[in-house]
Amino acid sequence: MPIYQQAGIIPHKRHIVFRNANGNLYHEELFGTEGFAGTSSLVYHLYPPTMVKDHGKPYSVRPEIAIEDNLQARSYMGYDVEPNADYIQSRKTLFVNDDMTIGMAAPTKSLTEYFFKNADADEMIFVHKGTGVLKTMYGHIDFEYGDYLIIPRGTVYQIHFNDADNKLLIVESFGAIETPERYRNKYGQFLETSPFCERDLKLPKNLETIDEQGDFLIQIKKRGLIYPYVYENHPFDVIGWDGCCYPYGFSILNFEPLTGRIHMPPPIHQTFQGRNFVICSFVPRMYDYHPDAIPAPYHHSNIDSDELLYYVDGDFMSRNNIKKGQITLHPGGLPHGPHPGAIERSIGKKATNELAVMIDPFNPVKITKEAMKYEFEDYYQSWMS
Ligand SMILES: [Fe+2]
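The number in this note's numbering is simply the position in the sequence shown, starting from 1, with 4 added.
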């Protein structure tokens, strides 16, 4: 996120002597995800972030693939993903390609017994159900229904939930997850035409410096394996930081929809960009206001992208019999469009309450065995009237 932030105590210049009241040096760490040229933050620890005491045997959480090559419209009940008390075990990957994974989680307990670090991927966690707080060395981010949480890869975190009923849609991206470049000017500031801006972001707050020694278990995910690492110091031992690389939140309910006299194409809903994918937010909005407008989308060929829609709330106007937490997968290579009757039904309507997250992977996704547990049969025939 190219918005400069600063918290806690930092020296007046980077890479210089910086001591505590007892004369001991603080330990500076440059945290970035793209070498020395991408966005980064400078973080000041009480202790070196390198003090590994021990490490255990890695175990695999690599998804098993059921369908390598897919050219069929499919649908899945993402909301039915099994609840699990353990945060890592609760995360179920449903779709995967070389750029990303897409999955769901229904964790029933807060992650407090260990810390998690995804060394592979930036994470986008969409909170469909649940409230709580994301804890990192940068500070805390409170979250609730409708929040996207963006966590740069390598960030050590814990996630606390206020109760046991949580539903998360999770994207792991092997490149950076960013706000769309076309929403920002050459200085990185959001443009007046962007559907959201700096004020809408939930930035890390309440930096807490924890000075504790012991056995701090960080479960590190790398190439689909989880490596248990034990560190000497609490990972949130930060006295101050500044820079442009940190986790943040954004509520889908703060996405201000762009509308027009006739149907506007999906890019107006774009919220994030990644390497070879986009994420869009379909939010409650006024419909097209030309007297003869057709608010339902036209059929489109999407030859160059798969399209996954995750239905959050409201009636989704272009689909019949769609439930909350349901996912549709429309593969690149087949045209798709509204369900029977949806076009006629939409004419003359003034507004919609639909709330959905769309993920368009530009490379085809493989479908996991886990996903197949939740598949609706014969969805591909659902356009037959
Ligand atoms: Fe579409």
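Where is the CB? At the ideal position from N, CA and C, for every residue including glycine. Here the structure is a predicted model, which is why all the values come from computation and not from measurement.
Inter-residue CB distance, residue i and residue j (contact presumed, cutoff 8 angstroms)
i, j, result
"F165", "P111", "7 angstroms"
"Y293", "R265", "6 angstroms"
"V287", "L211", "Not confirmed; about 32 angstroms, so no contact."
"I243", "Y48", "5 angstroms"
"N122", "F200", "That belief does not hold up - the Cβ atoms of N122 and F200 are roughly 25 angstroms apart, past 8 angstroms."
"C249", "S44", "5 angstroms"
"I163", "Y91", "6 angstroms"
"F254", "D204", "6 angstroms"
"P15", "E33", "14 angstroms between Cβ atoms; not a contact."
"P270", "S350", "Contact doesn't hold; Cβ gap of about 16 angstroms is too wide."
"H343", "N357", "Wrong, their Cβ atoms sit about 18 angstroms apart, outside the cutoff."
"I222", "F119", "5 angstroms"
"F99", "K373", "Not confirmed; about 12 angstroms, so no contact."
"V175", "I363", "6 angstroms"
"Y152", "I256", "7 angstroms"
"L46", "G247", "6 angstroms"
"Q274", "P365", "That belief does not hold up - the Cβ atoms of Q274 and P365 are roughly 14 angstroms apart, past 8 angstroms."
"L312", "Q9", "With 8 angstroms as the limit, L312 and Q9 do not qualify as a contact, their Cβ atoms being about 32 angstroms apart."
"A180", "E38", "7 angstroms"
"S322", "A346", "5 angstroms"
"N306", "H340", "7 angstroms"
"Y149", "K133", "7 angstroms"
"P301", "G336", "Actually they are not in contact, since the Cβ atoms of P301 and G336 sit about 17 angstroms apart, beyond 8 angstroms."
First through last residue of the beta strand (DSSP E) which encompasses residue i
i, result
"E374", "Counting along the chain, E374 falls outside any beta strand (DSSP E), though it belongs to the alpha helix (DSSP H) covering K373 to M376."
"S255", "Y252 to S255"
"V100", "R95 to V100"
"D317", "E311 to D317"
"V21", "It is not in any beta strand (DSSP E) - V21 carries neither H nor E in the DSSP assignment."
"A70", "I69 to I71"
"D58", "V56 to H59"
"A11", "Q9 to G12"
"G278", "Q274 to G278"
"V361", "L359 to P365"
"E236", "L229 to N237"
"Q162", "V160 to F165"
"C284", "F281 to F286"
"V242", "V242 to G247"
"L46", "S44 to H49"
"N122", "F119 to N122"
Which residues DSSP lists as bridging residue i, in chain order
i, result
"D146", "V137"
"Y80", "I331 and E379"
"G264", "Answer is none; G264 lacks a bridge partner."
"N88", "P111"
"T183", "Beta-bridge pairing links T183 to no other residue."
"E216", "Paired residues: none, contrary to the question."
"M128", "I154 and V175"
"A355", "M290"
"S64", "L229"
"A194", "It is Phe, not Ala, that sits at residue 194 in the sequence shown. F194 pairs with R188."
"H304", "H340"
"I222", "F119 and Y233"
"M104", "S177"
"L205", "F254"
Bounding residues of the alpha helix (DSSP H) (the contiguous stretch that carries residue i)
i, result
"E32", "From DSSP, E32 is part of no alpha helix (DSSP H) but of the beta strand (DSSP E) over H31 to G36."
"A346", "A346 to S350"
Buried versus exposed, by CB contacts within 10 Å (16 or more), residue i
i, result
"A355", "exposed"
"P6", "exposed"
"R18", "exposed"
"E117", "exposed"
"R95", "buried"
"H304", "exposed"
"Y235", "buried"
"G3", "Since the first residue shown for the chain is 5 and the last is 389, residue 3 is missing from the structure and cannot be characterised."
"F40", "exposed"
"K225", "buried"
"S389", "exposed"
"N26", "exposed"
"R393", "Examination of residue 393 is not possible in this model, given that the chain is present from 5 through 389 alone."
"P156", "buried"
"S64", "exposed"
"Y161", "buried"
"Q217", "exposed"
"L262", "exposed"
"A89", "exposed"
"K1", "The displayed coordinates of the chain run from 5 to 389. Any statement about residue 1 would go beyond what the structure contains."
"L75", "exposed"
"N237", "buried"
Count the C-beta pairs between the region 312-330 and the region 69-86 that are closer than 8 angstroms, then say yes if the count reaches three, no if not.
-> The region 312-330, when compared against the region 69-86, does touch it at the 8 angstroms Cβ threshold.
State whether the region 188-207 contacts the region 156-174, with contact taken as three or more CB pairs (one from each stretch) at a distance under 8 angstroms.
-> no
Are the region 98-106 and the region 276-290 touching, with three or more C-beta to C-beta distances below 8 angstroms?
-> yes
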